[in-house]
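Here's the structure we're looking at; comments come further down.
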Amino acid sequence: MGEGLPTNTRIVVIGGGVIGASVAWHLTRLGCPDVAVLERGQIGCGTTWHSAGNIVRMSTDPVAVEIYAQSASVVAELDQRHTIGWRPCGRVMLARTQERFQEFDTIIRILRNQGTQVESISPAEVQERLPMMNTDDLVGALWSPGDGRVDPTALTAAYCREAKQSGARFFEGVEVKQALTEKGMVTGVETDQGQIKCEVVVNCAGMWARDLGLRNEIDIPLYAVEHFYALTETLDDTYPQMPTFRDPDGLIYGREEVGGLLVGCFDREALPVRLSDLPTPFEFGLLNENWDQFLPYMEQAIHRIPALADCGVRTLVNGPESFTPDAEAHLDEASGLKNYFVLAGLSSSGVTRSGGMGGALARWIVEGDPGMDLSRYSLKRFGPEHNEESFLRQRVRDMPSAHFGLER
Numbered sequence: 110m111g112e113g114l115p116t117n118t119r120i121v122v123i124g125g126g127v128i129g130a131s132v133a134w135h136l137t138r139l140g141c142p143d144v145a146v147l148e149r150g151q152i153g154c155g156t157t158w159h160s161a162g163n164i165v166r167m168s169t170d171p172v173a174v175e176i177y178a179q180s181a182s183v184v185a186e187l188d189q190r191h192t193i194g195w196r197p198c199g200r201v202m203l204a205r206t207q208e209r210f211q212e213f214d215t216i217i218r219i220l221r222n223q224g225t226q227v228e229s230i231s232p233a234e235v236q237e238r239l240p241m242m243n244t245d246d247l248v249g250a251l252w253s254p255g256d257g258r259v260d261p262t263a264l265t266a267a268y269c270r271e272a273k274q275s276g277a278r279f280f281e282g283v284e285v286k287q288a289l290t291e292k293g294m295v296t297g298v299e300t301d302q303g304q305i306k307c308e309v310v311v312n313c314a315g316m317w318a319r320d321l322g323l324r325n326e327i328d329i330p331l332y333a334v335e336h337f338y339a340l341t342e343t344l345d346d347t348y349p350q351m352p353t354f355r356d357p358d359g360l361i362y363g364r365e366e367v368g369g370l371l372v373g374c375f376d377r378e379a380l381p382v383r384l385s386d387l388p389t390p391f392e393f394g395l396l397n398e399n400w401d402q403f404l405p406y407m408e409q410a411i412h413r414i415p416a417l418a419d420c421g422v423r424t425l426v427n428g429p430e431s432f433t434p435d436a437e438a439h440l441d442e443a444s445g446l447k448n449y450f451v452l453a454g455l456s457s458s459g460v461t462r463s464g465g466m467g468g469a470l471a472r473w474i475v476e477g478d479p480g481m482d483l484s485r486y487s488l489k490r491f492g493p494e495h496n497e498e499s500f501l502r503q504r505v506r507d508m509p510s511a512h513f514g515l516e517r
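Counting with the numbering used here, you get residues 110 to 517 for the letters of the sequence shown.
Right, dumping it as structure tokens:
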């Protein structure tokens with residue numbers, strides 16, 4: 110990453126987080142090594158480094174199930190060659206009501222139709238897997254043995270390492286100002302260090318993707334909110350291969366972390382974050398702890414795991430995470446600007462979708478066909494009014510809890 114910027118390349122990927130790194134990796138595997146990844150900070154910064162790193166398989170949407178399956182396959186493959194912290198520990202998704210438990214039937218049907226192992230289990234079977242858990246108010250749960258967890262920084266590094274070995278180039282400390290265009294087509298990018306001619310631009314700029322798109326009059330509706338998880342002190346009954354868990358009725362999730370627990374939430378009335386209010390630089394920055402916002406979800410976690418009441422919290426991580434107006438990702442070519450592609454707004458599922466979505470976009474660019482129906486992620490599902498800041502600041506407040514209530 111010490112070489113000078115190229116003057117020409119076929120593809121410029123903007124953003125060196127887990128998404129941009131995955132796109133570059135997939136492009137090189139499809140025989141397209143002429144790729145330059147431009148990151149204004151450091152590779153793996155932004156949202157990637159503080160991700161919880163959960164790899165999931167469950168969804169009510171067949172396309173999402175395929176994306177998750179491809180991502181899990183990529184993680185397992187990279188784990189054979191790199192130390193990425195992959196633990197296929199499984200996941201338990203809890204149901205407090207009969208209605209919730211019945212919703213799981215849809216997930217079971219879709220996953221089994223696509224060859225993914227999943228089963229419903231009883232509260233007693235939940236406690237066998239998670240001995241510290243209070244199951245008195247549970248109707249049942251879903252058990253997905255193929256779920257797991259990964260180190261997001263190590264995964265990003267593995268993507269980058271193999272992409273570089275195949276010819277892709279990565280540049281840190283380079284800010285892209287805008288795409289250069291002629292007659293409705295991409296011709297290059299303008300950076301703070303000069304111009305680069307290219308045929309394709311891929312906007313993987315995370316929570317900055319919207320602002321970058323506006324410089325070329327492209328609407329990419331997304332907005333950041335405060336997003337939390339707590340890291341506890343050591344807790345009995347945790348173990349390295351402990352399954353991750355998700356309690357959608359309580360809007361909490363968790364997993365083992367260094368002998369304690371990582372407990373996070375997808376809160377109601379999330380607090381929007383204006384990017385212009387963030388300090389510079391913010392490459393590996395966090396927002397201030399906000400216990401007033403997180404406390405109701407810590408109480409939910411204590412209800413689910415009573416031992417947390419007597420367990421200290423090492424830190425409360427509050428990192429900005431961008432959500433779209435429907436909590437679905439953007440994966441599309443921009444209308445009116447040929448060869449300007451967008452993969453952003455992953456809505457807190459960037460790590461777990463990186464392999465599948467990065468692969469779909471790479472196939473679209475190289476082969477002209479992503480290999481799956483991506484209409485659910487089209488930019489065209491929104492109008493210009495949905496990219497107004499006033500709309501987004503209000504709308505995204507509801508998106509974490511709406512997204513979390515049922516698997517997407």
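Every residue gets a Cβ at the ideal spot worked out from N, C-alpha and C, and that includes glycine.
From a predicted model like this one, the values you see are computed outputs, not experimental measurements.
Query                                                                                                                                                        : Result
Just how far apart, CA to CA, sit Ile361 and Thr296?                                                                                                         : 45 Å
With a cut-off of 8 Å, do at least 3 Cβ pairs link the stretch 282 to 295 to the stretch 175 to 185?                                                         : no
Let's test the definition: count the other Cβ atoms within 10 Å of the Cβ of Val127 and tell me whether it reaches 16, buried, or not, exposed.              : buried
State the DSSP-derived secondary structure class of Gly150, mapped to helix, strand or coil.                                                                 : coil
Which one of Thr137, Ala418, Ile120, Ala130 has the shortest CA to CA distance from Cys154?                                                                  : Ala130
Which runs of the beta strand (DSSP E) fall wholly inside the stretch 291 to 317 and span at least 3 residues, in chain order?                               : 294 to 300, 303 to 306, 309 to 312
DSSP on His191, reduced to helix/strand/coil?                                                                                                                : coil
Is the separation between the beta-carbon of Thr206 and that of Asp358 shorter than 8 Å?                                                                     : yes
What separation, rounded to the nearest whole angstrom, lies between the Cα atoms of Leu404 and Pro142?                                                      : 48 Å
So for Cys374, helix, strand or coil by DSSP?                                                                                                                : strand
Assign Ser510 to one of three DSSP states: helix, strand, or coil.                                                                                           : helix
Tell me, to the nearest whole angstrom, how far the beta carbon of Gly373 is from that of Thr341; I am working on the premise that it is less than 8 Å.      : Not quite, the Cβ-Cβ distance comes to about 12 Å (not below 8 Å), so this is no contact.
Between Asp214, Thr353, Val259, Gly224, which has its C-alpha nearest Leu187's C-alpha?                                                                      : Val259
Within a Cβ cutoff of 8 Å, which residues of the same chain sit near Thr262, ignoring the five residues on either side of it in sequence?                    : Gly153, Thr157, Trp158
Could you check which residue in Leu139, Asp507, Met481, Met202 has the C-alpha nearest to that of Ala333?                                                   : Asp507
Inspect the beta-carbon positions of Leu344 and Ala418 and report whether they are closer than 8 Å.                                                          : no
Tell me which residue opens and which closes the alpha helix (DSSP H) that Ile216 is part of.                                                                : 207 to 222
Alpha carbon to alpha carbon, what distance is there between Thr116 and Phe280?                                                                              : 13 Å
With respect to the alpha helix (DSSP H) encompassing Phe403, which residues constitute its N-terminal and C-terminal limits?                                : 400 to 413
Is the beta carbon of Arg200 closer than 8 Å to that of Ser253?                                                                                              : yes
Using DSSP with H/G/I as helix, E/B as strand and the rest coil, what is Glu516?                                                                             : With a pLDDT of 49 at Glu516, under the threshold of 50, the modelled position of this residue cannot be trusted; read the value that follows with caution. It is coil, neither helix nor strand.
Tell me which residue opens and which closes the beta strand (DSSP E) that His439 is part of.                                                                : 439 to 442
Taking only three categories from DSSP, how would you classify Gly428?                                                                                       : strand
Does DSSP classify Ser229 as helix, strand or coil?                                                                                                          : strand
Take the Cβ of Val382 as the centre, count every other Cβ of all protein chains shown within 10 Å, and call the residue buried at 16 or more, exposed below. : buried
Taking the alpha carbon of Gly303 as the reference point, which residue from Val460, Gly282, Val165 has its own alpha carbon closest?                        : Gly282
Along the alpha helix (DSSP H) that carries Arg472, what are the first and last residues, could you check?                                                   : 459 to 476
Would you call the stretch 314 to 332 in contact with the stretch 219 to 236, where contact means no fewer than 3 C-beta pairs closer than 8 Å?              : no
Just the C-alpha distance for Glu234 and Gly315, rounded to the nearest angstrom, thanks.                                                                    : 39 Å
According to DSSP, is Ser487 helix, strand or coil?                                                                                                          : coil
I need the straight-line Cα distance from Ala173 to Ala443, nearest angstrom please.                                                                         : 22 Å
Per DSSP, Asp356 is paired with what?                                                                                                                        : Ile361
So, are the CB atoms of Arg119 and Val309 less than 8 Å apart?                                                                                               : yes
Bridge partners of Lys447, per DSSP?                                                                                                                         : Met294
Rounding to the nearest angstrom, what Cα-Cα distance links Thr311 and Gly363 in this structure?                                                             : Checking the displayed sequence, the identity of residue 311 turns out to be Val instead of Thr. The straight-line gap from Cα to Cα measures roughly 33 Å.
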